[in-house]
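All residue numbers for the sequence shown refer to the working numbering, where the first residue is 96 and numbers rise by one.
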Amino acid sequence: MDKLRSDNIKLYEKIKFVQNYPTTRGTDDPIDRYSRGYDASLDPFTNFTKQEKQKKYESLKIHEKFALNFGKFILSSHQSRTFFVIYF
96 MDKLRSDNIK
106 LYEKIKFVQN
116 YPTTRGTDDP
126 IDRYSRGYDA
136 SLDPFTNFTK
146 QEKQKKYESL
156 KIHEKFALNF
166 GKFILSSHQS
176 RTFFVIYF
């Protein structure tokens with residue numbers, strides 16, 4: 096049941112993203128920009144997803160946290176990936 100609920104939440108997030116995707120380029124109206132940020136802060140699904148990720152991260156052991164953060168660091172930029180591949 097939890098798997099189905101998480102799949103539905105992810106599907107809903109994708110649908111909302113597609114519905115809200117801007118169709119015109121070049122309009123950077125401050126009101127639109129801030130309203131999107133405000134709406135995102137009120138979105139219960141986004142908040143739920145963040146809370147669940149935080150719970151999962153807190154439940155990791157110290158060596159798992161290290162491996163996760165190291166992997167994120169390596170994958171975060173082109174230079175770090177290149178250095179890692181060349182060095183190892």
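Glycine residues also receive a C-beta, built at the ideal position from the N, C-alpha and C atoms.
Cβ-Cβ distance between residue i and residue j below 8 Å
i, j, result
"Ser-175", "Ile-169", "yes"
Between the CA atoms of residue j and residue i - distance to the nearest angstrom
i, j, result
"Ile-157", "Gly-166", "14 Å"
"Val-250", "Ile-104", "A question about residue 250 goes unanswered here, because the residues of the chain that appear run from 96 up to 183."
"Phe-179", "Ile-126", "42 Å"
"Ile-110", "Glu-153", "29 Å"
"Thr-144", "Thr-177", "32 Å"
"Phe-183", "Leu-137", "44 Å"
Residue span of the alpha helix (DSSP H) that contains residue i, given as start and end
i, result
"Phe-112", "97-115"
"Ser-171", "157-171"
"Asp-134", "125-137"
Closest by C-alpha distance to residue i, when choosing among the options
i, options, result
"Thr-141", "Pro-125, Leu-106, Asp-127 and Phe-178", "Leu-106"
"Ser-130", "Phe-143, Asn-115, Pro-139 and Thr-144", "Asn-115"
"Asp-97", "Glu-147, Leu-137 and Lys-109", "Glu-147"
"Asp-134", "Lys-150, Gln-149 and Glu-108", "Glu-108"
Own chain residues within Cβ distance below 8 Å of residue i, not counting five before or after
i, result
"Leu-155", "Leu-163"
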